[in-house]
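Colleague: Below is the structure I would like to discuss, written out as structure tokens.
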Amino acid sequence: MNTIDRFRDAVERRDTAALEPLFAAEPRFFSPVKFRPFEGRDLVLGVFDVLFRRVFEEFRYAGALEGTADTAAGGDADSHVLIFRATVGGKEVHGIDLVQLDAAGLISEFTVMVRPLSAVTALSEAVFAGLVAEGLVPAPQ
Numbered sequence: 129m130n131t132i133d134r135f136r137d138a139v140e141r142r143d144t145a146a147l148e149p150l151f152a153a154e155p156r157f158f159s160p161v162k163f164r165p166f167e168g169r170d171l172v173l174g175v176f177d178v179l180f181r182r183v184f185e186e187f188r189y190a191g192a193l194e195g196t197a198d199t200a201a202g203g204d205a206d207s208h209v210l211i212f213r214a215t216v217g218g219k220e221v222h223g224i225d226l227v228q229l230d231a232a233g234l235i236s237e238f239t240v241m242v243r244p245l246s247a248v249t250a251l252s253e254a255v256f257a258g259l260v261a262e263g264l265v266p267a268p269q
């Protein structure tokens with residue numbers, strides 16, 4: 129089973145521990161609700177934990193595409209687009225996960241894109257509340 133197969137399996141089981149060995153030491157997670165990426169394995173895994181436990185309901189992958197694409201860091205990478213469906217706060221979400229692998233076959237960049245705007249708003253609120261609750265980001269003052 130390759131990295132992408134193992135990733136899909138872990139996400140569908142909501143198993144954060146199974147994700148850990150799939151990520152490079154310093155992965156970057158580009159979220160649709162935050163301008164700058166989440167960086168570093170601990171923070172990225174923390175985001176996934178929040179998504180699994182506090183945000184997504186009825187999450188499932190609905191398809192996949194693969195090829196090569198530029199990364200944010202520059203250069204081409206083995207790239208996989210995983211198409212998903214989920215519910216967030218009662219809103220249906222359609223989205224894609226762009227998973228890009230480094231030379232060792234580990235996830236170095238992860239980008240999420242979702243639609244519609246109402247789902248992005250619901251996702252943003254749920255993710256931020258979860259990150260604050262888990263102590264991963266400071267509460268607003």
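129 is the number of the first residue of the sequence shown in my numbering; add one for each residue after it. Yeah, the Cβ is synthetic: ideal placement off N, Cα and C, and Gly gets one too.
Suppose only complete runs of 3+ residues qualify. What are the beta strand (DSSP E) ranges in the stretch 164-224, listed by chain order?
Modeller: 185-198 and 204-216
Colleague: From this set, V178, L210, L229 and A200, which residue's C-alpha is nearest L193's C-alpha?
Modeller: L210
Colleague: From L264, P155 and R142, pick the residue whose C-alpha is nearest to that of I235; which is it?
Modeller: P155
Colleague: Can you tell me where the beta strand (DSSP E) holding E262 begins and where it ends?
Modeller: Following the DSSP letters along the chain, one finds E262 in no beta strand (DSSP E), marked with neither H nor E.
Colleague: Which partner residues does I235 have in the DSSP bridge list?
Modeller: In the DSSP secondary-structure assignment, I235 is bridged to F151 and L229.
Colleague: With a 10 Å radius around its C-beta and 16 neighbouring C-beta atoms as the bar for buried, classify T196 as buried or exposed.
Modeller: exposed
Colleague: With distance defined between alpha-carbon atoms, name the residue in M129, G218 and F184 nearest to E140.
Modeller: F184
Colleague: Tell me the rounded alpha-carbon separation between F135 and A145.
Modeller: Roughly 11 Å separates the two Cα atoms.
Colleague: Taking only the alpha-carbon atoms, compute the straight-line gap between F158 and H208 and give it to the nearest angstrom.
Modeller: 15 Å
Colleague: From which residue to which residue does the alpha helix (DSSP H) around R136 run?
Modeller: T131 to R141
Colleague: Taking buried to mean at least 16 other C-beta atoms within 10 Å of its own C-beta, is F166 buried or exposed?
Modeller: buried
Colleague: Are there 16 or more other CB atoms within 10 angstroms of the CB of Q269, so buried, or fewer, so exposed?
Modeller: Residue environment analysis places Q269 among the exposed positions, since fewer than 16 neighbouring C-beta atoms fall within 10 angstroms of its C-beta.
Colleague: Closer than 8 Å by C-beta to R188: which residues in its own chain qualify, once you throw out the five before and the five after it? Chain order, please.
Modeller: E140, F212, R213 and A214
Colleague: Buried or exposed, going by whether 16 or more other CB atoms sit within 10 Å of the CB of G218?
Modeller: exposed
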